[in-house]
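Visitor: Reminder that position 97 of the sequence shown reads as 98 in the numbering used here, one-by-one numbering, no gaps. Note that CB positions come from ideal geometry on N, CA and C, so glycine has one too. Computed from a predicted structure; not experimentally measured.
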Amino acid sequence: MTHIEKTRQIIHAFLQGDIPAILERLAPDVEWEYGAISTDVPWYQARRGRAGAQAFFESLAAVEFLTFEPKAFLGEGELVVVMIDSDYRVRATGEVIRYTDVALVFRFDAAGRVAKFKHSIDTHQAWLAYHGADARNAA
Numbered sequence: 002m003t004h005i006e007k008t009r010q011i012i013h014a015f016l017q018g019d020i021p022a023i024l025e026r027l028a029p030d031v032e033w034e035y036g037a038i039s040t041d042v043p044w045y046q047a048r049r050g051r052a053g054a055q056a057f058f059e060s061l062a063a064v065e066f067l068t069f070e071p072k073a074f075l076g077e078g079e080l081v082v083v084m085i086d087s088d089y090r091v092r093a094t095g096e097v098i099r100y101t102d103v104a105l106v107f108r109f110d111a112a113g114r115v116a117k118f119k120h121s122i123d124t125h126q127a128w129l130a131y132h133g134a135d136a137r138n139a140a
């Protein structure tokens with residue numbers, strides 16, 4: 002199975018809410034949101050290991066996905082990039098974030114498991130939505 006096919010399975014599992022299926026495809030020491038800048042938005046924290054990835058998925062309870070649409074799966078070697086469009090609402094503030102052409106970056110290890118993962122997104126937009134209208138008005 003190619004890394005693109007594995008990534009399609011991961012995205013399908015996410016859309017079905019099957020987090021255990023995702024976790025079993027991760028390396029035990031996976032770097033989640035590798036290279037992330039510091040942010041207090043819970044779902045964009047750098048984490049390590051399957052437990053860290055599980056914590057990421059648990060943090061998504063703070064949002065309601067309105068859309069999550071994979072547009073393209075691109076890959077070469079150990080790297081797969083999935084381009085998505087995604088809209089979600091932050092439950093605590095009601096703020097809606099609309100993303101177009103977000104890159105989900107997956108790096109696979111020699112065993113064929115995801116060793117590194119990150120979103121390539123506008124974290125400032127997420128921060129504003131997480132902190133609500135007061136933060137947006139102050140920005």
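Hey, how far is the Cα of residue 21 from the Cα of residue 114?
Guide: Looking up residue 21 in the sequence shown gives position 20. Looking up residue 114 in the sequence shown gives position 113. In a straight line, the C-alpha of residue 21 is about 14 Å away from that of residue 114.
Visitor: Mark residue 52 as exposed unless 16 or more other C-beta atoms lie within 10 angstroms of its C-beta, in which case mark it buried.
Guide: Here residue 52 refers to the residue found at position 51 of the sequence shown. Exposed, since its Cβ has fewer than 16 Cβ neighbours within 10 Å.
Visitor: Need the endpoints of the alpha helix (DSSP H) that residue 93 sits in, please.
Guide: Stepping through the sequence shown from its first residue, residue 93 is reached at position 92. No alpha helix (DSSP H) holds residue 93; DSSP gives it neither H nor E.
Visitor: Can you check the segment 41 to 108 for any alpha helix (DSSP H) of at least 4 residues that lies completely inside it and give the ranges in chain order?
Guide: Correct list: 50 to 60.
Visitor: So for residue 116, helix, strand or coil by DSSP?
Guide: Counted from its first residue, the sequence shown places residue 116 at position 115. Three-state result, residue 116: strand.
Visitor: Can you say whether residue 121 is buried or exposed, counting buried as having 16 or more other CB atoms within 10 angstroms of its CB?
Guide: As a working mapping, residue 121 is identified with position 120 in the sequence shown. By the 10 Å Cβ count, residue 121 comes out exposed.
Visitor: Using the C-alpha atoms, what's the distance from residue 72 back to residue 102?
Guide: What you label residue 102 is simply residue 101 of the sequence shown in a count that begins at 1. What you label residue 72 is simply residue 71 of the sequence shown in a count that begins at 1. Approximately 8 Å, taken between the alpha carbons.
Visitor: Compute the Euclidean distance between the alpha carbons of residue 64 and residue 9, then round it to the nearest angstrom.
Guide: Here residue 64 corresponds to residue number 63 of the sequence shown, with the count starting at 1. Here residue 9 corresponds to residue number 8 of the sequence shown, with the count starting at 1. Their Cα atoms are separated by approximately 23 Å.
Visitor: Drop a sphere of 10 angstroms on the beta-carbon of residue 42, count the other beta-carbons inside from all chains shown, and report buried for 16 or more, exposed for fewer.
Guide: By one-based count along the sequence shown, residue 42 stands at place 41. Classification for residue 42: buried.
Visitor: Count the other CB atoms within 10 Å of the CB of residue 62; is the residue buried (16 or more) or exposed (fewer)?
Guide: The residue given as residue 62 occupies position 61 in the sequence shown. When all chains shown are included, residue 62 counts as exposed.
Visitor: Residues bridged to residue 128 by DSSP?
Guide: In the sequence shown, counting from the first residue as 1, residue 128 sits at position 127. Beta-bridge pairing links residue 128 to no other residue.
Visitor: Hey, residue 4 and residue 83: beta-carbon distance below 7 Å or not?
Guide: As a position in the sequence shown, residue 4 is number 3, starting the count at 1. As a position in the sequence shown, residue 83 is number 82, starting the count at 1. Result no, Cβ atoms of residue 4 and residue 83 do not sit closer than 7 Å.
Visitor: Is it buried or exposed, residue 66, if we count other Cβ atoms within 10 angstroms and call 16 or more buried?
Guide: As a position in the sequence shown, residue 66 is number 65, starting the count at 1. That one is exposed.
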